[in-house]
Amino acid sequence: MDIESLRRDTPGCAHKAHLNNAGAALMSRRTLDAVTSHLELEATIGGYEAAAAAHDRIEHTYDALVGLIGADRDEIAFTENATRAWDMAFYGLRFAPGDRILTARAEYASNAIAFLQTARRHGVSVETVPDDEHGQLDVEALRAMTDERVRLIAVTHVPTQSGLVNPAAEIGKVAREFGVTYLLDACQSVGQLPVDVAEIGCDLLTATGRKFLRGPRGTGFLYASRRLTERLEPPFLDLHAATWTGPDAYEVRPDARRFETWETFYAGKIGLGVAVDTALALGPDAIERRVTTLAARLREGLAALPGVHVHDRGLRLSGIVSFTVDGHDSPAVADLLRSRDVNVSVSHATSAQWDLGARGLPTVVRASVHYYNTEEELSRLLDALPLPTV
Ligand SMILES: *Cc1c(COP(=O)(O)O)cnc(C)c1O
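Position 325, counted from 1, in the sequence shown is what the working numbering calls 331; the numbers after and before it change by one each time, with no gaps.
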């Protein structure tokens, strides 16, 4: 990987040590140009006319995503974010009293809230699978917990708040063994490590554009396997998802675009395709190697500082690094780093009650690296710490 050239093609690299890639990574110049030029075209010739003129570029986004995650073209829906993609899948499932949902300790807040709402509405039980001794979801415990009442296994691959990578493919094997629907939240994994839906064995997968994929904000996608799409009725339908065929009749479209809406962010959709092309050109394996190497350096550097604690657990680690500093609350640490042109963010227990909350961590500082970050940028963060105790 030619880091210098990748940095030159990333305008944001000139300004900040951007270690908030799990929040939103920096767009490349190519992606930015693809978005702005489509907006210019809309302003110049009209939005509908621009969509017609850019038809191939818009449709290319599906091909790019197919190349990235290994699905078929008709199994991809473009959405405005990962949450909408996840909700369209989850709220399309039918639950009955006594059904069980199995999920992970590190589950994302929005997913957990949806589970809890469904538990209240439909009398479903929501159960978290314990972690193993490494801190990842315990696959044997999952196998032991699974029975014919389990309606859904829903797991976050890489959580928002720590460096964990859950064993997605091993979970997939259990789901297949028992014939249980498997929904994977791959929001933080897609773009930083290889994700292949056939290898993982999930029925549904969701991701966002702006995080490790480096796409524009306001973009996301859903993978819905053909097998499941036929049985899954979207919670919302419009005239793109379905056709009004007669005074009292409509037909839902057969492909995954039944989960889309007619109106969409075309410039962002084109930009997402360009961002995915870039990830494919670099190669997800090479990206993971670079990202995990940088993250390991950062964890090592942090762990060597007095009063600094790294909180990442798991057998396999991602580019997300979570830590706390004794005597300083995490938002203050993030503010100080921001004042030194180092972008990080803060994860709160309200984002991960079953993980941070259960571990007694009200907040952690989250530094998340991407391949375009440098050792010098990591040093900039490390040199600012530890902070004098007040
Ligand atoms: C960010 C995130 C989401 C939500 O993605 P949006 O695009 O903001 O809707 C879901 N799950 C995880 C694990 C995330 O980190």
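Yeah, the Cβ is synthetic: ideal placement off N, Cα and C, and Gly gets one too.
{"query": "Stretch pair the segment 272-281 + the segment 223-235: three plus CB contacts closer than 8 Å", "result": "yes"}
{"query": "Near ligand 1: N26 beta-carbon under 7 Å from a heavy atom", "result": "no"}
{"query": "Residue range of the unbroken alpha helix (DSSP H) whose run includes R106", "result": "Here R106 belongs to no alpha helix (DSSP H); instead the beta strand (DSSP E) covers 106-110."}
{"query": "Where L47 sits in the DSSP three-state scheme", "result": "helix"}
{"query": "In DSSP terms, what I177 is bridged to", "result": "Note: I177 sits in no beta bridge, so no partner."}
{"query": "Nearest to P103 (by Cα), restricted to the options V156, H317, L323", "result": "V156"}
{"query": "contact_flag[the segment 117-127, the segment 168-178] where n(CB pairs < 8 Å) is 3 or more", "result": "no"}
{"query": "Between the CA atoms of D332 and I107 - distance to the nearest angstrom", "result": "38 Å"}
{"query": "DSSP bridge partner residues for W250 (one or two, in chain order)", "result": "Y256"}
{"query": "Cβ-heavy atom distance, G226 to ligand 1, below 7 Å", "result": "yes"}
{"query": "T369 beta carbon less than 8 Å from that of D341", "result": "no"}
{"query": "From R237, E266, T235, residue whose alpha carbon lies closest to that of H397", "result": "Because the chain spans 7 through 396 in this model, residue 397 falls outside it and cannot be assessed."}
{"query": "Check whether K34 and D8 have beta carbons under 8 Å apart", "result": "Note that residue 34 is Ser in the sequence shown here, rather than Lys. Not in contact: S34 and D8 (Cβ atoms no closer than 8 Å)."}
{"query": "Proximity of L219 and L189 at Cβ, strictly below 8 Å", "result": "no"}
{"query": "Residue(s) in a DSSP beta bridge with L211", "result": "L190, Y229"}
{"query": "According to DSSP, residues forming a beta bridge with V315", "result": "For the sequence presented, residue 315 should be read as His rather than Val. The partner list for H315 (beta bridge, DSSP) reads T330."}
{"query": "Where the alpha helix (DSSP H) through R28 begins and ends", "result": "Arg is not the amino acid found at residue 28; the sequence shown has Ala there. Looking at the DSSP string, A28 is not in any alpha helix (DSSP H), and its letter there is neither H nor E."}
{"query": "Rounded separation between H61 and V339 - CA only", "result": "46 Å"}
{"query": "8 Å Cβ cutoff, A59 in contact with chain E", "result": "Annotation note: the requested chain E is absent from the structure, which comprises a single protein chain."}
{"query": "R305 and G141 closer than 8 Å at C-beta", "result": "no"}
{"query": "Three-state secondary structure assigned by DSSP to F84", "result": "strand"}
{"query": "Continuous beta strand (DSSP E) stretch holding E133: start and end", "result": "131-135"}
{"query": "Beta-carbon contacts of D244 that lie in its chain and below 8 Å, excluding the five residues immediately before and after", "result": "T267, W268"}
{"query": "Inter-residue Cα distance where the pair is T134 and R233", "result": "27 Å"}
{"query": "A88 CB to nearest heavy atom of ligand 1 below 7 Å", "result": "yes"}
{"query": "S353 beta carbon less than 8 Å from that of V164", "result": "no"}
{"query": "T162: CB within 7 Å of a non-hydrogen atom of ligand 3", "result": "Looking at this structure, you won't find ligand 3 anywhere; what it does contain is ligand 1."}
{"query": "H376 in three-state terms, based on DSSP", "result": "coil"}
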